[in-house]
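Notes to accompany the following structure.
There are 4 protein chains.
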Amino acid sequence: MVTPNPDRRSERARRAILDAALELCRTDTYAGLTMEGIAKSAGVGKQTLYRWWPSKAAILLEAIEERAANTLEFPDTGDLAADLHTQLHALVRTVTDPLFAAYTKGLIAAAQSDPTISEALLKALIRPRVQLCIDRLTKAQHAGEIRPEVDLPTVVELLYGPVYYRLLLHTAPVTTTQVNTTLNLVLTAIRP
Amino acid sequence: MVTPNPDRRSERARRAILDAALELCRTDTYAGLTMEGIAKSAGVGKQTLYRWWPSKAAILLEAIEERAANTLEFPDTGDLAADLHTQLHALVRTVTDPLFAAYTKGLIAAAQSDPTISEALLKALIRPRVQLCIDRLTKAQHAGEIRPEVDLPTVVELLYGPVYYRLLLHTAPVTTTQVNTTLNLVLTAIRP
Amino acid sequence: MVTPNPDRRSERARRAILDAALELCRTDTYAGLTMEGIAKSAGVGKQTLYRWWPSKAAILLEAIEERAANTLEFPDTGDLAADLHTQLHALVRTVTDPLFAAYTKGLIAAAQSDPTISEALLKALIRPRVQLCIDRLTKAQHAGEIRPEVDLPTVVELLYGPVYYRLLLHTAPVTTTQVNTTLNLVLTAIRP
Amino acid sequence: MVTPNPDRRSERARRAILDAALELCRTDTYAGLTMEGIAKSAGVGKQTLYRWWPSKAAILLEAIEERAANTLEFPDTGDLAADLHTQLHALVRTVTDPLFAAYTKGLIAAAQSDPTISEALLKALIRPRVQLCIDRLTKAQHAGEIRPEVDLPTVVELLYGPVYYRLLLHTAPVTTTQVNTTLNLVLTAIRP
DNA sequence: GAGTAATCGAGACGGTACGTCCCGTCTTGTT
DNA sequence: AACAAGACGGGACGTACCGTCTCGATTACTC
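Residue numbers (full-length UniProt numbering), protein chains in the order written: chain R, 1 to 192; chain X, 1 to 192; chain C, 1 to 192; chain S, 1 to 192.
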């Protein structure tokens with residue numbers, strides 16, 4: 001594999017590819033997405049795809065990352081319960097949007113058989129958000145809103161796990177009701 | 001779709017197919033599994049596969065279901081904490097077994113783009129086990145070990161969600177330590 | 001291969017098979033004819049086909065043989081030219097009938113890659129008719145209507161060859177005009 | 001059907017395919033020839049076959065056309081009888097060659113159930129040669145070697161028909177003896 | 001008339017080839 | 001040099017038939 005020179009890269013092609021990928025994923029399923037289809041629908045040579053991305057998952061990941069960039073924040077009003085409530089409701093909104101859900105589920109599915117995707121997904125989307133959450137929880141713990149012996153990463157998993165559980169296992173739709181109930185129990189568990 | 005006559009079904013072929021599917025999935029990845037490969041390695045015509053199963057996921061599901069049949073139980077010693085502990089550790093063991101993990105992750109991935117698989121997975125594997133868990137929790141709630149206003153399905157999600165969260169998002173390996181910590185927090189949340 | 005007992009053969013099945021074969025060949029092409037299709041449409045098990053015939057060509061051959069049985073005659077009015085004219089026009093009629101043409105062409109095509117069919121075709125249909133023609137020509141030669149040194153099998157080929165030439169090479173439709181012109185030239189060639 | 005760009009066509013692949021087709025047809029029968037087999041033995045993807053040819057018959061036709069290109073001539077010594085004799089003997093030689101016979105018979109067989117093949121066969125092989133023959137006969141007719149009222153296309157059929165008759169109906173092997181006898185009779189019929 | 005053995009209908013089986021889709025690489029001008 | 005275009009060798013797809021095989025249920029001879 002030659003290493004292409006990013007300076008000469010065509011921004012037009014990049015835009016067309018990312019847009020086409022998202023668009024196709026919306027009309028079809030993630031499984032129905034193909035490199036060939038993206039190229040055709042973006043008016044781009046297949047070589048251009050393979051030059052800059054190793055797989056359709058990588059393309060989609062970049063497209064999503066771009067769109068999700070502006071959601072990288074965690075509220076901090078000083079009231080932990082309120083902030084978690086806000087943030088979990090935002091997550092429900094994201095995850096409920098059929099478009100975004102398609103990408104999410106497609107990518108997580110792809111990550112099961114491709115460690116590269118898995119790592120990229122973690123790095124680009126998951127870990128930054130988890131970190132923000134942990135930062136907020138740490139602050140709360142210092143403020144005495146959380147018992148000092150509580151393991152914060154576990155709290156993150158208790159808050160987010162149930163949402164992904166429903167999302168990926170399809171046991172039930174993800175709802176605001178769910179996160180409210182969950183949040184109440186978790187708060188009960190971690191409060192002094 | 002013709003509707004084949006199950007009475008004339010060859011048990012020999014069925015066995016060979018299920019075994020070959022599991023075996024191939026063990027040596028290769030779920031994504032590398034193909035109908036063609038299963039047929040070849042089972043010494044079976046492709047038509048025989050398509051006659052009885054709509055997809056490789058369906059084959060794998062049946063194979064797993066069969067193997068998992070004997071794990072359909074939930075301990076009941078009268079001590080809720082101990083029983084949950086036992087059951088969660090069993091889950092960790094299952095999910096940590098590389099073979100079983102491959103199937104699980106492959107199937108859950110497939111379920112993301114195929115509602116048929118999703119439903120079959122729920123029906124065959126998930127729901128029966130969730131129900132057993134809820135039954136045990138109900139008994140505990142009646143026995144006063146859980147506050148009466150606690151929503152039990154939410155408790156199930158709090159217990160299992162974090163495990164699937166790690167498993168599918170690959171944030172961290174699933175461990176007994178994790179479930180212990182999780183369980184302690186959950187018990188704190190639900191105890192009177 | 002067991003040798004089935006013809007005494008116990010079901011005449012009903014035989015009839016249904018031959019009729020179905022002809023019928024299918026009429027609605028579809030010879031190439032589109034299948035053992036599976038014949039069995040299904042005759043309401044008969046595939047085994048019954050294979051028990052009594054080695055191939056679809058053999059079935060068709062028997063069906064045609066049956067229908068052609070009553071055309072096994074050669075006119076003999078004492079006037080050779082008139083008799084050949086009559087017979088060639090009959091051939092044109094047969095060969096022009098779309099149904100019969102389909103069989104003929106299908107079988108001749110099949111004969112190209114299956115010596116069994118070729119031999120059966122010769123024995124059942126071609127040779128008997130050629131013989132009748134030669135008999136008639138012999139009589140004419142004795143009567144002095146054909147020069148004594150003329151080779152009669154060659155005459156048969158001169159009369160029939162052009163018809164099959166058009167039929168199988170599709171250079172032009174087989175017509176009565178054609179056979180008239182041909183006949184005139186052949187008569188010129190063989191007359192004293 | 002997409003319309004591929006002939007400019008980008010790989011001559012290497014084309015050659016390998018035509019050669020493989022001829023070779024396979026030589027070792028096996030026409031009926032045993034498969035697109036899959038040709039692809040495999042030519043070291044070529046099946047798509048490449050289907051991109052440029054609609055069927056195995058079309059491939060074979062092109063291969064034969066190529067090889068037969070140099071035989072497109074008709075002798076003209078001024079002596080019609082001698083020239084026809086020369087040409088018919090050449091035909092016998094061609095048709096007796098087991099390799100060429102296989103193609104010929106296979107293609108003619110295929111033409112019976114595929115009008116596309118039929119037309120291509122006519123256009124590429126039959127009609128050009130028939131025309132040359134008619135040209136030669138026309139010259140002879142002008143030279144007074146053939147009676148003016150004789151229909152020349154009929155003469156062609158009288159000369160070639162018997163050869164194809166034997167070839168396709170397998171009544172007898174095609175021989176030089178046959179064409180000599182035939183030719184004598186035809187000459188008798190058409191001479192002034 | 002009952003027993004029994006072969007044929008029957010049906011169709012599942014292990015296979016082969018079909019024609020299509022997409023993969024990832026490559027080649028050929030164009031910008 | 002990156003681009004649009006798309007041909008290439010390859011692998012898997014899901015389907016259609018092949019010819020063989022089992023399975024009761026007739027069915028027609030034998031005793």
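By construction, the Cβ of each residue, glycine as well, lies at the ideal position given by its N, Cα and C atoms. Predicted model only: the values in this text are computed from it and were never measured.
Residue interval of the alpha helix (DSSP H) (run including residue i)
| i | result |
| --- | --- |
| Pro115(R) | Pro115 to Leu121 |
| Gly100(C) | At residue 100(C) the sequence reads Phe, which differs from the Gly that was named. Where Phe100(C) is concerned, the enclosing alpha helix (DSSP H) stretches over Pro98 to Ala111. |
| residue 194(S) | No information on residue 194(S) is available, as it lies outside the stretch 1 to 192 that chain S covers here. |
| Asn180(S) | Thr176 to Ile190 |
| Pro52(X) | The residue you asked about is not Pro; residue 52(X) is Trp in the sequence shown. Per DSSP, Trp52(X) belongs to the alpha helix (DSSP H) from Lys46 to Trp52. |
| Ile134(S) | Arg127 to His142 |
CB of residue i within 8 Å of CB of residue j, strictly
| i | j | result |
| --- | --- | --- |
| residue 228(R) | Leu185(X) | The first residue shown for chain R is 1 and the last is 192, placing residue 228(R) beyond what the model contains. |
| Arg147(X) | Asp76(X) | no |
| residue 202(S) | Ala42(S) | Beyond the ends of chain S as shown, which are 1 and 192, falls residue 202(S); an answer cannot be given. |
| Gly106(R) | Ser55(X) | no |
| Ile64(X) | Ile38(X) | no |
| Val156(X) | Val95(X) | no |
| Leu122(C) | Phe74(C) | no |
| Tyr103(X) | Leu152(X) | no |
| Leu159(X) | Thr182(X) | yes |
| Thr175(X) | Val44(X) | no |
| Leu99(R) | Arg26(R) | yes |
| Ala172(X) | Leu80(X) | no |
| Thr188(X) | Ala124(R) | no |
| residue 196(X) | Ala13(X) | Here chain X covers residues 1 to 192 and nothing more, so residue 196(X) does not appear. |
| Lys46(S) | Glu36(S) | yes |
Cβ-based burial, residue i [other Cβ within 10 Å; buried from 16]
| i | result |
| --- | --- |
| residue 233(R) | This structure leaves residue 233(R) out entirely; chain R is present only between 1 and 192. |
| Ser10(R) | exposed |
| His142(R) | exposed |
| Asp7(S) | exposed |
| Met1(X) | For Met1(X), the predicted structure reports a pLDDT of 48, less than 50, and the residue's modelled location is therefore unreliable. A value from the coordinates is still provided. Classification for Met1(X): exposed. |
| residue 219(X) | Missing from the structure shown is residue 219(X); chain X here goes from 1 to 192 and no further. |
| Leu72(C) | exposed |
| Tyr50(X) | exposed |
| Arg166(X) | buried |
| Gly161(S) | buried |
| Pro4(R) | exposed |
| Leu169(R) | buried |
| Asp97(S) | exposed |
| Ala69(X) | exposed |
| Arg15(S) | exposed |
| Asp28(S) | exposed |
| Ala82(X) | exposed |
Residue i Cβ short of 7 Å to the ligand FMN heavy atom set
| i | result |
| --- | --- |
| Lys40(C) | This structure simply doesn't include the ligand FMN, nor any ligand for that matter. |
Discussion item. If the cut-off is 7 Å on Cβ atoms, which residues from the stretch 75 to 90 of chain X count as contacting chain R, listed in chain order?
Written reply: Answer set for the stretch 75 to 90 of chain X: empty.
Worksheet item: Which of the residues in the UniProt domain "HTH tetR-type" (11 to 71) of chain S, read from start to end, lie with their CB under 7 Å from any CB of chain C?
Response: Thr29, Tyr30 and Ala31
Worksheet item: Taking any Cβ of chain R, which residues in the stretch 110 to 135 of chain X have a Cβ under 9 Å from it, in chain order?
Response: Residues Ala110, Ala111, Gln112, Ser113, Asp114, Pro115, Ser118, Glu119, Leu121, Leu122, Ile126, Arg127 and Val130.
Item to complete: For the UniProt domain "HTH tetR-type" (11 to 71) of chain C, list the beta strand (DSSP E) runs that are entirely contained and at least 3 residues long, ordered along the chain.
Response: none
Practice prompt. Select from the stretch 155 to 168 of chain S all residues with a C-beta closer than 8 Å to any C-beta belonging to chain C, and list them in chain order.
Written response: Val155, Glu157, Leu158, Tyr160, Gly161, Pro162, Val163, Tyr164, Tyr165, Arg166 and Leu168
Fill in: Against chain X: residues of the stretch 92 to 105 of chain R by CB proximity under 8 Å
With the criterion set as a beta carbon lying under 8 Å from some beta carbon of chain X, the members of the stretch 92 to 105 of chain R are Lys105, in sequence order.
Worksheet item: When you check each C-beta in the stretch 178 to 191 of chain C against every C-beta of chain S, which residues fall closer than 9 Å?
Response: Residues are counted here when their Cβ sits less than 9 Å from a Cβ of chain S; for the stretch 178 to 191 of chain C these are Gln178, Thr181, Thr182, Asn184, Leu185, Val186, Leu187, Thr188, Ala189 and Ile190, given in chain order.
Discussion item. By the 8 Å beta-carbon criterion, what residues does the stretch 140 to 152 of chain R contribute toward chain X?
Written reply: Val150 and Asp151
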